[in-house]
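In what follows, a single structure is set out as structure tokens and then discussed.
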Amino acid sequence: MLALLPLALLCELFALVMRQPALSVTSGILLTAFFVWHWRSLMPYPSRLGLVTLVLLAYWLLSGEASWPQVQHMLASAAYYGAFVGALGLMHCLVRRLQQFDALHRLLLAGPSAGLYPSYLLSSFAISSILSFGMLNLVCGSLDRHLQRHGHAEEARREGSRGVMVAALRGFALVPLLAPTSVAIAILTRELPGLSWVHLLPFGLLAATVLLLIGWRLDNHRLQRLREAGAAQPSAASTGQPGMRRLVLASLLGILAIALLATFSWLSATQAAMLLVPLAVIVTLLGWGERPAAVYGEVRDTLAGMRNETFIFANSAVLAGLVAALVPVQAIAGHLGVTPLLSFFLGLLGMLAIIGLALLGVAPIVSLSLCTALLAQLGGHGIPTMQPAVALLTGFSLAMLLSPYGPSALMLARHAGLSPWRIAFGWNGRFVLLALGPLMLVPLLA
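So for the sequence shown, the UniProt record's numbering puts the first residue at 1; every next one is plus one.
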């Protein structure tokens with residue numbers, strides 16, 4: 001049954017290229033069959049999320065308002081988001097074979113002392129734009145090896161480790177604001193007609209600049225402590241630099257290729273990423289001499305290893321569709337006037353809802369899916385969606401920093417030996433409070 005995952009991915013990619021909705025529905029059915037068969041292998045959080053969705057689905061079906069076109073739309077949405085996670089996650093097939101990450105910290109700590117935080121932040125962003133939160137595993141793992149090879153006082157080690165992990169996490173949080181490979185961009189551009197990554201990018205750049213400047217002021221000194229303690233040795237700083245630079249450059253070139261394909265084809269930037277990443281991975285593996293059967297097996301096993309993430313994303317699409325179908329949006333829209341102030345307050349409400357629900361343990365991807373589905377319904381009744389979309393994007397970015405139950409916080413907590421709540425609030429609470437006010441104003445420019 002593991003073969004259902006690559007088959008579902010292939011169907012969705014063909015659906016994008018050929019613009020055949022029936023293939024998306026087929027992909028959604030294959031994905032559903034896989035998770036029904038492998039339900040017991042899911043972790044507790046996705047299992048609970050699935051049960052909530054099943055309850056809502058049963059209520060919707062019994063209400064008599066369900067229709068086959070709506071079911072098709074939900075299946076197609078689930079297939080799209082599931083394929084998005086799977087397609088980009090295939091980059092791990094290449095990362096397993098790369099050794100350049102051991103040189104990451106030597107390279108970055110050898111740079112100018114005043115610019116250590118921006119260097120870590122932007123490098124983490126470039127890598128995580130392709131690898132998603134797998135970047136955090138690589139940065140933290142290579143940091144452990146780096147610290148073991150160099151002597152540090154305990155305080156410098158603790159402060160330096162915090163500085164590196166915080167910069168990496170915040171670099172990861174820039175992905176929704178800047179990268180076409182972001183799942184937030186995938187959701188917003190799919191559900192809101194006429195919206196594209198290019199439209200959102202200027203506001204993402206502004207928000208990212210605000211986050212960079214605040215973090216630079218707060219945490220650059222921690223990285224300086226790591227450098228001053230002798231972590232960067234001149235004789236070793238050049239070792240691996242060309243390979244590491246090529247890796248970061250390859251990530252940036254990948255984003256450029258995605259943007260070019262989106263510009264000169266009917267595909268969106270997100271869809272271009274979904275096509276180019278698997279193609280690049282498979283061609284590279286074959287070019288390295290791997291047999292086709294071995295490549296297929298690795299792709300299948302990699303997709304199976306991401307089943308929990310795939311389920312959460314696909315299930316979020318179905319859950320959002322059910323909420324949109326059950327909430328009387330038309331009645332609500334009838335009582336709302338179409339004014340710029342209304343759009344701003346709707347966006348502000350959605351932004352704070354995503355952040356607040358993240359604090360309660362709801363994954364930001366779920367909250368964003370629900371808010372976007374409702375916004376799409378309101379947009380269909382004449383309410384402008386650009387300002388709320390920008391607000392949802394910035395809210396999602398901040399929620400990634402404050403979610404104690406998200407994969408990034410759990411990963412950093414494991415490496416740091418601290419509770420996820422300490423990572424979310426102790427390390428990022430002040431940062432988010434300082435950034436929240438300026439980011440609330442960014443949608444006013446949309």
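All residues carry an ideal CB built from backbone N, CA and C; glycine is no exception.
Source: prediction; values computed, not measured.
| Asked | Found |
| --- | --- |
| From V281, H221 and H199, residue whose alpha carbon lies closest to that of R97 | V281 |
| Exposure of R430, with buried meaning 16 or more beta-carbon neighbours within 10 Å | exposed |
| Inter-residue spacing [alpha-carbon to alpha-carbon] between G264 and M274 | Reading off the sequence shown, one finds Phe at residue 264, where the question assumed Gly. Roughly 16 Å between the two C-alpha positions. |
| Proximal residues to L370 (C-beta, below 6 Å), its chain only, five neighbours per side dropped | A320 and V323 |
| Segment limits, alpha helix (DSSP H) that includes Q271 | A269 to G287 |
| Host alpha helix (DSSP H) of E12 (start-end) | L4 to M18 |
| Cβ-Cβ separation, S397 to L177 (assumed contact under 8 Å), whole Å | 5 Å |
| Beta carbon proximity, G289 to chain C, threshold 9 Å | Looking for chain C here will not work: only one protein chain is present. |
| Under 9 Å between C-beta atoms of A353 and S367 | yes |
| Cutoff 7 Å; reference V295; Cβ partners in own chain excluding five residues on either side | I282, L285 and L286 |
| Element boundaries [alpha helix (DSSP H), containing P438] | G429 to L441 |
| Residue environment, residue 512, which counts as buried when at least 16 other CB atoms sit within 10 Å | Only positions 1 to 446 of the chain appear in this structure, which leaves residue 512 out of reach. |
| Straight-line gap, L10 to A33 (C-alpha atoms, nearest Å) | 15 Å |
| Beta-carbon separation (whole angstroms), A8 vs A79, contact threshold 8 Å | 7 Å |
| Straight-line Cα distance separating G361 from L402 | 10 Å |
| Residue 448, enclosing alpha helix (DSSP H) - first and last residue | Outside the shown range of the chain (1 to 446) lies residue 448, about which nothing can therefore be said. |
| Beta-carbon proximity of G350 to L392, cut-off 9 Å | yes |
| Euclidean distance between Cα positions of V299 and L341 | 48 Å |
| Beta-carbon proximity list for W39, same chain, < 7 Å, skipping 5 on both sides | none |
| Complete alpha helix (DSSP H) runs within the stretch 313-372 (minimum length 4 residues, chain order) | 329-334 and 340-359 |
| CA-to-CA distance, N308 to L195, given in whole angstroms | 29 Å |
| Cβ distance (whole Å) where T270 is taken to contact T189 below 8 Å | 6 Å |
| Alpha carbon of A232 to alpha carbon of G111, nearest angstrom | Note that A232 scores 43 on pLDDT, short of 50, meaning its location in the model is unreliable; the coordinates nonetheless yield the value given after this. Going by the C-alpha atoms only, they are around 10 Å apart. |
| Reduced DSSP category for R291 - H, G, I as helix; E, B as strand; rest coil | coil |
| Distance between beta carbons of S119 and F172, contact taken as under 8 Å | Contact flag wrong, Cβ pair sits at about 15 Å. |
| Cα-Cα separation between F425 and G215, rounded to whole angstroms | 15 Å |
| Distance, I365 Cα to S235 Cα | Because the pLDDT at S235 is just 44, under 50, the model does not fix this residue reliably, and the value given afterwards should be weighed accordingly. Taking the straight line from one Cα to the other gives about 44 Å. |
| Whether A416 touches R162 by CB criterion (9 Å) | yes |
| Beta-carbon separation (whole angstroms), I29 vs L75, contact threshold 8 Å | 6 Å |
| Cβ neighbour criterion (16 or more within 10 Å) applied to Y81 | buried |
| Best match in E290, G289 and G160 for proximity to R227 [C-alpha to C-alpha] | G160 |
| Span of the alpha helix (DSSP H) around S67 | First-last for S67: undefined, no H or E at that position. |
| Helix, strand or coil at L30 according to DSSP, with G and I counted as helix | helix |
| 9 Å Cβ cutoff met for L165 and W421 | Note on residue identity: the sequence assigns Met, not Leu, to residue 165. Cβ distance not < 9 Å, so M165 and W421 don't count as in contact. |
| Backbone CA spacing between L261 and V17 [nearest angstrom] | 12 Å |
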